[in-house]
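Each protein sequence line maps, in turn, to chains E and X.
Our numbering applies: residue -11 is where the first sequence begins, and numbers increase by one.
Our numbering applies: residue -11 is where the second sequence begins, and numbers increase by one.
The C-beta atom is built at its ideal place from N, Cα and C for all residues, glycine as well.
Worksheet for the structure shown next.
Number of protein chains: 2
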Amino acid sequence: MAKKRILTGDTPTGKLHIGHYVGTLENRVKLQNEYETFILSADTHALSTLSKTPTVIGEHTFQNVLDNLAVGLDPKNVVFWTESGVPELYELAAIMSMYVSHNRALRNPTVKDEIKMKGLGDHFSLGFVNYPIFQAADILGVKAHLVPVGVDQVAHLEQSREIARDLNAITETELFPIPEVLVGRVGKLVGTDGNPKMGKSLGNTIYLGESKEEVQKKVMGMYTDPMRIRATDPGTVEGNPVFIYLDLFGTDSDASAVADFKARYVEGKVGDIEVKQYLAGVMERFLAPIRERREYFEARPDVVRQIMIDGTLRAREENALTLKELRTLLNLSVFVG
Amino acid sequence: MAKKRILTGDTPTGKLHIGHYVGTLENRVKLQNEYETFILSADTHALSTLSKTPTVIGEHTFQNVLDNLAVGLDPKNVVFWTESGVPELYELAAIMSMYVSHNRALRNPTVKDEIKMKGLGDHFSLGFVNYPIFQAADILGVKAHLVPVGVDQVAHLEQSREIARDLNAITETELFPIPEVLVGRVGKLVGTDGNPKMGKSLGNTIYLGESKEEVQKKVMGMYTDPMRIRATDPGTVEGNPVFIYLDLFGTDSDASAVADFKARYVEGKVGDIEVKQYLAGVMERFLAPIRERREYFEARPDVVRQIMIDGTLRAREENALTLKELRTLLNLSVFVG
């Protein structure tokens, strides 16, 4: 029996960080053998924030593929592709946009949140409003069954599910599987500065490819418990970024040491510096193999480009097939195929 | 030197009528040798009104091509194509949508008018709002210089011109010619019932392929001057549909007879029936060759289909080339081509 499919991906507006890892990347790695996995770079969508400097997107796309390879996705199994290389996806999206009400698109909570978060006011493009439709085409074009995403994408996915159901109903078929959502174990990862969300624009990130020295420096400068002045003050573990990272990035072999740190921290028997030094070691053990694989592929840009070309052509075949099926069912351009 | 290009077309929601003829079709015929002409069937866009019954669009598309051939467009010169056969057009539209503000799209007066005219309230699709963008892609994808349209499309064209200018600016090129608009000699043709606009849903049309008998019947039932009861009452020529049609569809050889009718009508010296009988003759002379060509092609569906296939493949080449140029300038997917 054919494997079920995963579609997920990144919008190439910057390098990926440890928040992306626990939000979605680790699920990609975990499931890559169980599912046929398509990893998309939504480069055209990146224009919705980078329309004035479009030429930087190509490099971000390349860097995002490096990040995905770095965390251990195997290019022999995984299809890496870019939106912009697959015109059929946009024709699918155009058809889908005829089945989504304008009001429904604007009610999308993720769209509303992004408008608020990015302070867009009423200055946003039509393409920005279209995004949930492009995302539906990303997913349905390859007929994905499962979509590992960050928690902020769940509302978009609901839109994709609605479109799949509506088009199945109008064509009286089961052309599209109704895609299931898989949310990562961490919805939002706290930033190094204690901000509830790690984000490039907030300057509170640890990137996947970052050097050992940079990571040590960022860890040693992390926000902890602002009420705690001296190492002998009782501290708070709950919500403390240092302990959150220890829990997320430590391995089983760190468990007893971390438990000991927590107990001593609450009792005021350990200083921040000692805990942070331990965390720096944890982060380095986590990041070293990622950095190593990243450097391996970074030194072989032609290999990476070929992976992207092959993947994009492969995804294009799938999208063209889906488009042909949908067009035939709708009786559009059947003589053109 | 290469000929300049025309792009124009129809949304396949029904057969074309004499209002379309004076609104745009006659300009297509007139200019077909001077310009390289691309005639589009916006079949995907037709989903914005026919989303519940999509399978009728294919037949409307075919009938619209028949109508265009019937008025004398030469398939040896003219490229007939369908939107849905050209995925590259939708990728162009997706890119363009990143450069058009959502507010600007909603301010489009044609969009506003259509919402009002069709009583859509706030029930319209995202695809409906996207339409001016798809139209821009229709035009700019083949780099058209001139767009013969009905007067209701002028606002859409302004949007296309803006997009062309914006993309030329962002790419620092003259990739897109700024398309000029050519409005037909009649903005809106009065219906047979005196309604200022002829329209399928109003039941006040004369279709291009209609039989002699049907046309005679419609002409004899036309609205004239409601204040005039008897043939001896002085009548009004101005705004009288019968005289409007005589002026539009009569030839030079009708000029003196029409002038005579007008003079006698104003003086109450001619009955409606006599004028209508004359108009029936005028309409038949106008429609007979159109009907004949229509029947010729209608009897050869395979020939028509081949015209559409060849044209769609030709338009697809042009769109793919434009997309490749734009993608390269924006540095999107350059390694995929």
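For residue i and residue j, I'd like the C-alpha separation in whole angstroms.
i	j	result
Ile166 (chain E)	Ile158 (chain E)	15 Å
Pro0 (chain X)	His48 (chain X)	5 Å
Phe116 (chain E)	Asn118 (chain X)	12 Å
Gln20 (chain X)	Glu272 (chain X)	25 Å
Leu163 (chain X)	Val44 (chain E)	20 Å
Glu168 (chain X)	Ala124 (chain X)	12 Å
Asp298 (chain X)	Phe68 (chain X)	8 Å
Arg288 (chain E)	Val258 (chain E)	45 Å
Arg218 (chain E)	Gly256 (chain E)	8 Å
Pro63 (chain X)	Gly7 (chain E)	59 Å
Phe237 (chain E)	Leu275 (chain E)	9 Å
Ser199 (chain E)	Arg279 (chain E)	8 Å
Arg149 (chain X)	His111 (chain E)	20 Å
Val203 (chain X)	Asp55 (chain X)	16 Å
Ile121 (chain X)	Lys18 (chain X)	28 Å
Ser244 (chain E)	Gly223 (chain E)	19 Å
Met84 (chain E)	Gln294 (chain X)	28 Å
Ser241 (chain E)	Gln141 (chain E)	33 Å
Thr310 (chain E)	His33 (chain E)	21 Å
Ile103 (chain X)	Gly109 (chain X)	6 Å
Asn65 (chain E)	Val225 (chain E)	41 Å
Tyr233 (chain X)	Leu267 (chain X)	8 Å
Leu196 (chain E)	Leu61 (chain E)	14 Å
Ser321 (chain X)	Asn192 (chain X)	51 Å
Asp235 (chain E)	Phe285 (chain E)	29 Å
Val270 (chain E)	Val10 (chain E)	15 Å
Met105 (chain X)	Glu313 (chain X)	39 Å
Val130 (chain E)	Tyr87 (chain E)	19 Å
Within 10 angstroms of its Cβ, does residue i collect 16 or more other Cβ (buried), or is it exposed?
i	result
Leu94 (chain E)	exposed
Glu79 (chain E)	buried
Lys3 (chain X)	buried
Pro229 (chain E)	buried
Arg153 (chain X)	exposed
Gly179 (chain E)	buried
Met186 (chain X)	buried
Pro136 (chain E)	buried
Val292 (chain E)	buried
Met296 (chain X)	buried
Gln265 (chain E)	exposed
Asp290 (chain X)	exposed
Ala247 (chain E)	exposed
Leu190 (chain X)	exposed
Ile194 (chain X)	buried
Lys100 (chain X)	exposed
Thr161 (chain X)	exposed
Thr316 (chain E)	exposed
Could you give the first and the last residue of the continuous alpha helix (DSSP H) run that contains residue i?
i	result
Phe116 (chain X)	Leu114 to Gly129
Val246 (chain E)	Ala243 to Glu255
Val292 (chain X)	Pro289 to Leu318
Leu170 (chain X)	No alpha helix (DSSP H) holds Leu170 (chain X); the beta strand (DSSP E) holding it covers Glu168 to Val171.
Gly259 (chain E)	Premise fails: Gly259 (chain E) is in no alpha helix (DSSP H) and is neither H nor E.
Phe231 (chain X)	Pro229 to Phe237
Leu78 (chain X)	The sequence as given places Tyr at residue 78 (chain X); Leu does not occur at that position. Run containing Tyr78 (chain X): Pro75 to Ser85, per the alpha helix (DSSP H) assignment.
Thr159 (chain X)	Val142 to Thr159
Glu226 (chain X)	That residue, Glu226 (chain X), is in no alpha helix (DSSP H); it is neither H nor E in DSSP.
Go through its chain and collect everything with a Cβ distance to residue i's Cβ below 8 Å, but skip five positions before and after it.
i	result
Pro42 (chain X)	Leu35
Asn52 (chain X)	Asp(-2), Pro0, Lys3, Leu4 and Ser29
Asp126 (chain X)	Leu(-5), Gly(-3), Leu28, Ala30, Glu71 and Leu77
Kindly indicate the opening and closing residues of the beta strand (DSSP E) around residue i.
i	result
Val67 (chain E)	Val67 to Thr70
Thr(-4) (chain X)	Arg(-7) to Asp(-2)
Pro136 (chain E)	Leu134 to Val137
Looking only at its own chain, which residues have a Cβ that is under 6 Å from the Cβ of residue i, when we skip the five neighbours before and after it?
i	result
Gly175 (chain E)	Val139
Ala81 (chain E)	Ile121, Phe122 and Ala125
Ile151 (chain E)	Met84 and Ala124
Glu24 (chain X)	Lys(-9) and Arg(-7)
Met(-11) (chain E)	none
Phe231 (chain E)	Val225
Arg216 (chain X)	Gly223
Counting only the same chain and skipping the five closest in sequence on each side, list residues whose C-beta sits under 7 Å from that of residue i.
i	result
Thr300 (chain X)	Trp69, Thr70, Gly73 and Val74
Ignoring anything shorter than 3 residues, give me the beta strand (DSSP E) runs that lie fully in the region 30 to 57 of chain X, in order along the chain.
none
- Query: Taking only runs of the alpha helix (DSSP H) that begin and end inside the region 192 to 219 of chain E, which ones reach a length of at least 4 residues, in chain order?
  - Reply: 200 to 208
For the region 27 to 46 of chain X, list every residue whose C-beta sits within 7 Å of some C-beta in chain B, in sequence order.
The chain inventory of the structure shown lacks chain B, comprising the protein chains E and X.
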